[in-house]
Amino acid sequence: MGEDDVTLRVDSISKSFDDFAAVDDLSFNVRAGRIFGFLGPNGAGKTTTIRMIVGITIPDSGEIELFGKRINGTDQDHIGYLPEERGLYKKTKVIDQLRYFAALKNIPQSEADRRIDRWLGRMELSEWKNKKTTDLSKGMQQKIQFIATVLHDPDLLILDEPFSGLDPVNVEFMIDVLSEFRQTNKTVIFSTHLMETAERLCHDILLINKGKKVISGSLRKVKESYGRNRVAVRVDGANDLLNNVSGVESIAEKADEKILSMRPDADPQELLRSLVSSGAKVTKFEYVEPTLNDIFIEQIGGAK
-3 MGEDDVTLRV DSISKSFDDF AAVDDLSFNV RAGRIFGFLG PNGAGKTTTI RMIVGITIPD
57 SGEIELFGKR INGTDQDHIG YLPEERGLYK KTKVIDQLRY FAALKNIPQS EADRRIDRWL
117 GRMELSEWKN KKTTDLSKGM QQKIQFIATV LHDPDLLILD EPFSGLDPVN VEFMIDVLSE
177 FRQTNKTVIF STHLMETAER LCHDILLINK GKKVISGSLR KVKESYGRNR VAVRVDGAND
237 LLNNVSGVES IAEKADEKIL SMRPDADPQE LLRSLVSSGA KVTKFEYVEP TLNDIFIEQI
297 GGAK
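Under the working numbering, think of the first position of the sequence shown as -3, with each following residue one higher.
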């Protein structure tokens, strides 16, 4: 499949619990072979949407298609799902748990053992193979559940807050592992409220709030659409001018420079000319694109 092909199509799905609309007429496409960031604050409807995709919850309305056809129980074998709520059998050995999860996906034990050994090695957990869950740290348990999620070699991997509970070292490790999926033509969806991590991994994003779509598209195009009128300025002797230019909507201090947000109809070049003609010493003047965190705060901060 090419990247223009659609692995998952979500069409106008809604889900309510009593009078609470958890997901409200939500539509989006996930392109094949890409990493898709499903973003939003806690309680935005991310987990409810994922549960509808994997068949745990049925939408009140709308349709979900996987590989061009309406999703059914058989299709679930093509999905690997790591839920936000973790769950391993506390008194069971790692190897026995992974064999059990492999058997649920009809993987013969000899093949399962081969895959288990390979993944335990990749996750640096080979020496814990015969340990019980209670012997593992929280980060180790997270890695074991990830292995259980990918043992059947799914075409679509859905991870709900996969970095929750991981220390910074293991977050970096998991980012490396997920980045490898870029090379295997697998499609990955992961939900998170960690914008910096999403920015490092994602090809495409969907930002939702209160069950509704806020922004969607390729990460590059989303950032470009927000970055046309933001400039970083380092200047001496022009603070009064910066504060009184009509085209400047807001000024944010950042270390030894200022980030100016310009009105959509303003021309940053006019500002530069004004600074130079005023005699100010301009040592930096460049267009900057917003971070994903900047966009998140702008879109969500005032909408809670």
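Glycine included, every Cβ here is placed at the ideal spot set by N, Cα and C. A quick note: this is a predicted structure, and the numbers were derived from the prediction, not measured.
Start and end of the alpha helix (DSSP H) containing residue i?
i, result
"THR45", "42 to 49"
"GLU266", "264 to 273"
"VAL301", "Any property of residue 301 remains undetermined from this structure, which presents the chain solely from -3 to 300."
"GLY117", "105 to 118"
"ILE302", "Residue numbering for the chain in the displayed model covers -3 to 300; residue 302 lies beyond these limits and cannot be assessed."
"ASP290", "288 to 296"
So which of the options has the shortest CA-CA distance to residue i?
i, options, result
"PHE159", "LEU238, ASP172, LEU152 and SER274", "ASP172"
"ASP7", "ALA40, ILE67 and ILE91", "ILE67"
"LEU174", "PRO164, GLY161, ARG196 and ASP163", "ARG196"
"VAL90", "LEU132, GLY69, ARG82 and GLY64", "LEU132"
"THR44", "ILE154, LYS11 and LEU94", "LYS11"
"ASP92", "ASP200, GLY161, ILE140 and ARG82", "ILE140"
"VAL241", "LYS254, LEU267 and ALA251", "LEU267"
"MET170", "TRP124, TRP115 and SER214", "TRP115"
"ASP15", "ARG27, LYS87, ARG30 and ASP56", "ASP56"
"VAL184", "GLY161, GLU168 and ASP156", "ASP156"
"THR53", "GLY69, LYS65 and GLY64", "GLY69"
"LEU237", "LYS65, SER274, GLU249 and ALA251", "SER274"
"PHE164", "PHE186, THR180, PHE142 and GLY135", "The question names Phe, but residue 164 in the sequence shown is Pro. Nearest C-alpha to PRO164: GLY135."
"ALA28", "GLY41, ALA40, VAL2 and THR188", "VAL2"
"VAL284", "TYR222, ASN126 and LYS42", "TYR222"
"ILE143", "ASN181, GLU294 and GLY83", "GLY83"
"LYS219", "PRO79, CYS198, VAL244 and THR188", "CYS198"
"LEU162", "GLN179, ILE154, PHE177 and GLN137", "GLN137"
Cβ of residue i less than 8 Å from any chain D Cβ?
i, result
"ASP109", "In the displayed structure, chain D is absent; only one protein chain is listed."
Per DSSP, which residues does residue i bridge with? Please list them.
i, result
"ASN38", "ASN38 pairs with nothing; no bridge assigned."
"VAL229", "LYS254 and PHE281"
"GLU61", "ARG5 and ARG66"
"ARG27", "VAL2"
"LYS11", "VAL19"
"ALA276", "Paired residue(s): none; ALA276 is not in a bridge."
"ALA248", "ILE255"
"THR193", "Its beta-bridge partners do not exist; DSSP assigns none."
"GLY33", "PHE186 and ILE201"
Over what stretch of residues does the beta strand (DSSP E) that includes residue i continue unbroken?
i, result
"TYR77", "75 to 78"
"ASP200", "200 to 205"
"VAL210", "208 to 214"
Cβ-heavy atom distance between residue i and the ligand MG below 7 Å?
i, result
"LEU237", "The ligand MG is absent from the structure shown, which contains no ligands of any kind."
Review point. Using 8 Å as the Cβ pair cut-off and three pairs as the minimum, do the segment 93 to 100 and the segment 108 to 118 touch?
Key: Yes, since at least three Cβ pairs between the segment 93 to 100 and the segment 108 to 118 fall closer than 8 Å, the two stretches touch.
Point to revise | Completely contained beta strand (DSSP E) runs for the segment 126 to 185, where each covers 3 or more residues | key: You should have 152 to 156.
Exercise for review: Could you tell me whether the segment 190 to 197 touches the segment 260 to 275, using the rule of 3 or more Cβ pairs below 8 Å?
Suggested key: The segment 260 to 275 and the segment 190 to 197 do not touch, with fewer than three beta-carbon pairs separated by less than 8 Å.
Practice item. Could you say if the segment 24 to 36 and the segment 204 to 219 meet the contact criterion of at least three C-beta pairs nearer than 8 Å? Key: Short answer: they touch.
**Study point:** contact_flag[the segment 217 to 237, the segment 273 to 285] where n(CB pairs < 8 Å) is 3 or more
**Key:** Cβ pair count under 8 Å is three or more, so yes.
Practice item. Evaluate the contact criterion for the segment 114 to 125 versus the segment 56 to 70: three or more CB pairs, one atom per stretch, below 8 Å. Key: No: fewer than three Cβ pairs fall under 8 Å.
Check your understanding: Do the segment 66 to 75 and the segment 143 to 158 make contact, defined as three or more Cβ pairs closer than 8 Å?
Key -> Yes: the two stretches touch, three or more of their Cβ pairs being nearer than 8 Å.
Review point. Just checking, does the segment 14 to 32 make contact with the segment 41 to 54 on the three C-beta pairs under 8 Å criterion?
Key: The segment 14 to 32 is in contact with the segment 41 to 54.
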